[in-house]
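Input: a single structure, listed below in structure tokens.
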Amino acid sequence: MPTATLPASTSTVQAPSGAVSPCALRIENLKTHFMTDDGAIPAVDGVSLSLSRGKVLAIVGESGCGKSVTSYSILRLIRPPGQIVDGSIMYYPGDGTRPIDIAKLNEKSDDLYRVRGGYISMIFQEPMTALSPVHTVGNQISEAILLHQKLTPAQAREKAIEMLRKVGIPGAERRIDQYPHEMSGGMRQRVVIAMALVCDPDILIADEPTTALDVTIQAQILKLIKDLQASRGTSVVFITHDLGVVAQIAHDVAVMYLGRVVENGSVRQVLKSALHPYTQALLKSIPSLGTRGARLPAIRGSVPSLTNIPPGCPFHPRCEHAVRGRCDVGGPPALRTFTGNRKAACVRIEEIHPTVRELTAAEVAAADTLAAEVTAAPAGRHNH
Amino acid sequence: MGKFELSHRPYTFPATFRLRINTMSSSTLSSISVAHPNLADANGVAPHGQTITSEPLLRVRNLCKYFPIKSKGIISRVIGKVKAVDNASFDLYPGETLGLVGESGSGKTTCARTILRALSPTSGTAHFRAKDPSAPGGHRVVDLATLPDRDLKPLRTQMQMIFQDPYSSLNPRMTVGDIISEPLLIHNIGTPAERKDKVVAILRKVGLKPEHMNRYPHAFSGGQRQRIGIARALIMRPSLVVADEAVSALDVSVQAQVINLLMDLQQEFNLTYIFVAHNLSVVRHICNRVAVMYAGRIVELAETEELFSNPRHPYTQGLMAAEPNIDPDIPMQFALAGEVADTGNLPPGCAFHPRCPKKFAPCDKQEPVLQKVAPSGCQASCHLLTPPAGS
Ligand SMILES: Nc1ncnc2c1ncn2[C@@H]1O[C@H](COP(=O)(O)OP(=O)(O)OP(=O)(O)O)[C@@H](O)[C@H]1O
Ligand SMILES: Nc1ncnc2c1ncn2[C@@H]1O[C@H](COP(=O)(O)OP(=O)(O)O)[C@@H](O)[C@H]1O
Ligand code: SF4
Ligand code: SF4
Ligand SMILES: [Mg+2]
Ligand SMILES: [Mg+2]
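Chains as they are written, first to last, in our numbering: chain A, 4 to 387; chain B, -16 to 374.
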């Protein structure tokens, strides 16, 4: 596709101003590879998903499946040897202005600056990535505030203390002058969340923001993010490996495996009646009341290395339902849409779930109103 | 904002601590077995019967770790103290797993690091039943809290720690193979080829691949890095392992494998674990007993099943209510509002009283003490359970 994806050219045919897309973010066939000495590592290899405006989309999957690389790609934070090699990341701003294909933006463009500086904000998996060890947390939060808002340093400091209180840090007045190393891991993560929230983002990407926290603080942070999401209409991409957290915070879920989405649906569909064998196996391996002291039914083997992805369905060496000759040949199964407008990438769905049927193209188009509205807008017509 | 690089980060972890904690290995086992061929556990298998001994492996009494709060300014004075760990007392039996749960800042990590003498205790004792082939019975009880550094060093082979933050505990300039084999190198174990074999074996055990050996930590995802840390700790086959949020950052399938692995190794080598975690369902699965900490103190200590089926302390109850249920139709309760008590400025009386839904008259005046509250041996510190004297 030529340079027609430049936002300026698409904006001319955009719907009347003020028409806000029901879709906040739509990723199609995103490929982000790392060009290493061992060859290209396809960390993200054909991810498609969409985030509905004002909703929480959870991305779950095993370590290394590309959740973080996907989220870094959304903010164009991928550094060499990493590179977005294909696909689109359409962002539909909440203020009704023209959509932006983040994947194609110039590194120095104003649009990218606007995306990073306020539209989309990120909470990082590792707090120390976002925090400098040589500055007090107060100075770091104030700096973030002063970058986006016209305030005096004293006002910024006041606001920083207020943010620290909002994210539940005890003794905020004293803590603000501390350095990150003087805080426990959970407190550091709360500082990072405070920094991400100061500019009131349209989309919040939270990469495992509660993973290192204890449950009560996690409950508070989830509540914080839920409240924020509800009151400001913030759309949230929530990355986690905790399916309990998914159950409590998400509206929709995308399950990833080896750089692809293997299952996608509403939180109830995915957690209560998973279609994909991988999702089913994940759910089974969670410790529960009945498993105490016993061996857990862990998925056999480990995630293959990205330089050596199995042919056919990438999950087949670990899958209980794998069938020779069908699952281990050809390319990865396509993400198909089934009854209930849920998606799964497995060739045996209909056999494993006799009541489930694949939708026809027409049925898919009718069911997926979100997709219909988006593709109706010229900017959404985005092929490769 | 502005610090966005994926592969670069400031390296801040104190190297001395890393080295001190890892100047240990009980896969020194191989070297011990040469020096003392008659030692029953020289091959890493505990002598039969050790699992049922009533002698604790570790007896912690009134352990305290206070950090000074210094004034800002040119001449900094000590203006107060953070009571990060206050009066911790518990026993740890060989082969058991003691869970340590509580909110961030409650002192779990500090407690574990103080026991292992990565931090020097303010007061209290931590008697450790150290393996010592020259002592009668093959064991010698030492107080880790007061032992001089020189005597402590050889004992470090028997205690290992798996860290909370896989990001800062791995040296970014070392390959994975070097990181994992460093403890072997420090203790002069094996030839380079043997060390490599051990690394390959442990990499497989923790779900990584031999070809990962020559890569650097930054090329791994968070979960993969945590597995490297576990491999590094387990390669030494220690007797006491402190796992500080060791499986917290792992996705469920790897978590299941690592939990199975930790439990298998425990059986095989009679390992004793202090398992610091915030995921209560994991704690319930793996631990024999659980200590609940709040603001530097143990507030409840009980057998796992008892704690979960009948949590007695209001804080324990709040903690359990906040656990996110996997069923989206069972909403999480935000039972514990408010802030964690500031250990630098504790509220009077029961430190939990500002958040406690059950507080009553004596709670903001008198401090409850940890004591036995049930015939089962469950201990708790709450005026509801043990009415204060004179009331
Ligand atoms: N700089 C890099 N060079 C080479 N490979 C990389 C680099 N960064 C990431 N990768 C690889 O890309 C894959 C995806 O990594 P990513 O961090 O997105 O995983 P994740 O799903 O977020 O996992 P986790 O749950 O552990 O955080 C991994 O296999 C990782 O090893
Ligand atoms: N080096 C230090 N200097 C000052 N205070 C510290 C230091 N390390 C930890 N603390 C404080 O001690 C308390 C307990 O911290 P920590 O043991 O890390 O808690 P946990 O592991 O339960 O999250 C916290 O209030 C923390 O801020
Ligand atoms: S395609 Fe085959 S191997 Fe893959 S998930 Fe489906 S049944 Fe399993
Ligand atoms: S002593 Fe009082 S405030 Fe403390 S936990 Fe018990 S009831 Fe609550
Ligand atoms: Mg990640
Ligand atoms: Mg800790």
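Glycine included, each C-beta is placed from N, C-alpha and C at the ideal position.
Which listed residue (the options) has its alpha carbon closest to that of residue i
{"i": "proline 136/A", "options": "Ala157/A, Val194/A, Ile126/A and Cys68/A", "result": "Val194/A"}
{"i": "threonine 108/B", "options": "Tyr277/B, Arg100/B and Gln349/B", "result": "Arg100/B"}
{"i": "glutamate 176/A", "options": "Asp325/B, Leu41/B, Ile162/B and Gly190/B", "result": "Asp325/B"}
{"i": "alanine 222/A", "options": "Leu102/B, Pro116/B, His261/B and Asn328/B", "result": "His261/B"}
{"i": "proline 317/A", "options": "Gly296/A, Gln192/A, Glu110/A and Gly334/A", "result": "Gly334/A"}
{"i": "glycine 89/B", "options": "Gly212/B, Asn197/B and Leu329/B", "result": "For clarity, residue 89/B is serine in the given sequence; the question names glycine instead. Serine 89/B has its Cα closest to that of Leu329/B, out of Gly212/B, Asn197/B and Leu329/B."}
{"i": "leucine 290/B", "options": "Glu79/B, Cys47/B, Leu135/B and Ser359/B", "result": "Ser359/B"}
{"i": "tyrosine 281/A", "options": "Ser236/B, Asn154/B, Val230/B and Arg60/B", "result": "Ser236/B"}
{"i": "proline 39/B", "options": "Gly63/B, Tyr256/B and His195/B", "result": "Tyr256/B"}
{"i": "isoleucine 228/A", "options": "Asp217/A, Leu286/A, Lys169/A and Met259/A", "result": "Lys169/A"}
{"i": "arginine 272/B", "options": "Phe146/B, Pro307/B, Ala184/B and Thr80/B", "result": "Thr80/B"}
{"i": "isoleucine 30/A", "options": "Ile44/A, Met38/A and Leu54/A", "result": "Leu54/A"}
{"i": "tyrosine 199/B", "options": "Leu217/B, Leu153/B and Pro221/B", "result": "Leu153/B"}
{"i": "isoleucine 196/A", "options": "Gln181/A, Ile220/A, Val258/A and Asp180/A", "result": "Ile220/A"}
{"i": "threonine 39/A", "options": "Ile218/B, Ala202/B, Leu130/B and Ala304/B", "result": "Ala202/B"}
{"i": "alanine 214/B", "options": "Ser222/B, Val183/B, Ser231/B and Glu194/B", "result": "Val183/B"}
{"i": "isoleucine 309/B", "options": "Leu285/A, Val350/A, Val332/A and Ala337/A", "result": "Leu285/A"}
{"i": "serine 76/A", "options": "Gly262/A, Thr214/A and Ile179/A", "result": "Gly262/A"}
{"i": "valine 50/A", "options": "Val59/A, His36/A and Gly42/A", "result": "His36/A"}
{"i": "alanine 337/A", "options": "Glu323/A, Arg235/A, Ile352/A and Arg327/A", "result": "Ile352/A"}
{"i": "alanine 232/B", "options": "Ala159/A, Gly57/A, Glu211/A and Thr340/A", "result": "Glu211/A"}
{"i": "valine 460/B", "options": "Glu286/B, Ala344/B, Leu367/B and Lys341/B", "result": "Absent from the structure is residue 460/B, since the part of chain B shown begins at -16 and ends at 374."}
{"i": "arginine 220/B", "options": "Leu135/B, Leu248/B, Arg295/B and Glu288/B", "result": "Leu248/B"}
Beta-bridge partners of residue i, as assigned by DSSP
{"i": "threonine 35/A", "result": "Val47/A and Ile87/A"}
{"i": "leucine 41/B", "result": "Leu75/B and Phe111/B"}
{"i": "arginine 263/A", "result": "Tyr260/A"}
{"i": "serine 269/A", "result": "Asp255/A"}
{"i": "serine 106/B", "result": "Cys47/B"}
{"i": "leucine 52/A", "result": "Ile30/A"}
{"i": "valine 68/B", "result": "Lys48/B"}
{"i": "leucine 60/A", "result": "Val240/A and Asp255/A"}
{"i": "glutamine 362/B", "result": "Leu284/B and Lys355/B"}
{"i": "valine 61/B", "result": "Lys53/B"}
{"i": "lysine 346/A", "result": "Asn267/A and Thr340/A"}
Range covered by the beta strand (DSSP E) that runs through residue i
{"i": "valine 282/B", "result": "280 to 286"}
{"i": "isoleucine 145/B", "result": "142 to 145"}
{"i": "leucine 81/B", "result": "80 to 84"}
{"i": "leucine 207/A", "result": "206 to 210"}
{"i": "lysine 223/B", "result": "Note on identity: in this sequence residue 223/B is leucine, with lysine being the wrong assignment. Taken as a continuous stretch (DSSP letters only), the beta strand (DSSP E) holding leucine 223/B covers 223 to 227."}
{"i": "isoleucine 242/A", "result": "238 to 242"}
{"i": "serine 124/A", "result": "123 to 126"}
{"i": "tyrosine 277/B", "result": "272 to 277"}
Start-to-end residues for the alpha helix (DSSP H) that takes in residue i
{"i": "alanine 163/A", "result": "156 to 169"}
{"i": "alanine 145/A", "result": "Here residue 145/A is serine; the residue named in the question, alanine, does not match the sequence. Element bounds for serine 145/A: 140 to 151."}
{"i": "aspartate 230/A", "result": "218 to 235"}
{"i": "aspartate 134/B", "result": "132 to 138"}
{"i": "valine 72/A", "result": "70 to 77"}
{"i": "glycine 301/B", "result": "297 to 304"}
{"i": "serine 122/B", "result": "The amino acid at residue 122/B is misidentified as serine; the sequence shows histidine. Where histidine 122/B is concerned, there is no enclosing alpha helix (DSSP H), although the beta strand (DSSP E) it sits in stretches over 122 to 126."}
6 Å CB neighbourhood of residue i in its chain, flanking five on each side removed
{"i": "tyrosine 298/B", "result": "Tyr277, Val282 and Phe335"}
{"i": "alanine 347/A", "result": "Glu266, Leu278 and His279"}
{"i": "leucine 41/B", "result": "Leu75 and Phe111"}
{"i": "leucine 362/A", "result": "Thr340"}
Sequence-distant residues of the same chain with beta carbon closer than 8 Å to residue i, five excluded per side
{"i": "glutamine 143/A", "result": "Leu134, Ser135, Val194 and Met198"}
{"i": "asparagine 109/A", "result": "Leu115"}
{"i": "serine 13/B", "result": "Reliability of the predicted coordinates at serine 13/B is poor, the pLDDT of 28 falling under 50, and the value obtained from them is presented with this limitation in mind. Within the same chain, serine 13/B has close Cβ partners Ile172 and Gly173."}
{"i": "valine 28/B", "result": "Here valine 28/B scores only 30 on pLDDT, less than 50, and its place in the model should not be relied on; the value that follows carries that caveat. Excluding residues within five positions, the ones whose Cβ falls inside 8 Å are Glu251, Phe252 and Asn253."}
7 Å Cβ shell around residue i - same chain, five flanking residues per side excluded
{"i": "threonine 310/A", "result": "Asp41, Gly42 and Ile44"}
| query | If you measure beta-carbon to beta-carbon, which residues of the region 112 to 126 of chain B are closer than 8 Å to chain A? | reply | none
| Contacting positions in the region 302 to 335 of chain A - beta carbon closer than 7 Å to chain B | Ile302, Ser305 and Ser308
| task | Taking only beta carbons into account, state which residues of the region 260 to 271 of chain B come closer than 7 Å to chain A, listed in chain order. | result | His261, Leu263, Ser264, Val265, Arg267 and His268
| said: Short of 8 Å Cβ to Cβ, which residues in the region 236 to 250 of chain B face chain A? | reply: Identification of residues in the region 236 to 250 of chain B having a C-beta nearer than 8 Å to some C-beta of chain A yields Ser236, Val237, Gln238, Ala239, Gln240, Ile242, Asn243 and Met246, given in sequence order.
| query | Got a sec: which bits of the region 53 to 74 of chain B sit with their beta carbon under 9 Å from any beta carbon on chain A, in order along the chain? | reply | Listed in chain order, the positions of the region 53 to 74 of chain B with a beta carbon within less than 9 Å of a beta carbon of chain A are Lys55.
| For the region 338 to 355 of chain B, which residues have a beta carbon sitting closer than 8 Å to at least one beta carbon of chain A? | none
| query | Which residues, taken in chain order from the region 217 to 235 of chain A, show a beta carbon closer than 8 Å to some beta carbon of chain B? | reply | Asp217, Val218, Thr219, Ile220, Gln221, Ala222, Gln223, Leu225 and Lys226
| field | Sequence-ordered residues whose beta carbon comes within less than 7 Å of a heavy atom of ligand 7 | value | Ligand 7 is absent from the structure shown, which contains only ligand 1, ligand 2, ligand 3, ligand 4, ligand 5 and ligand 6.
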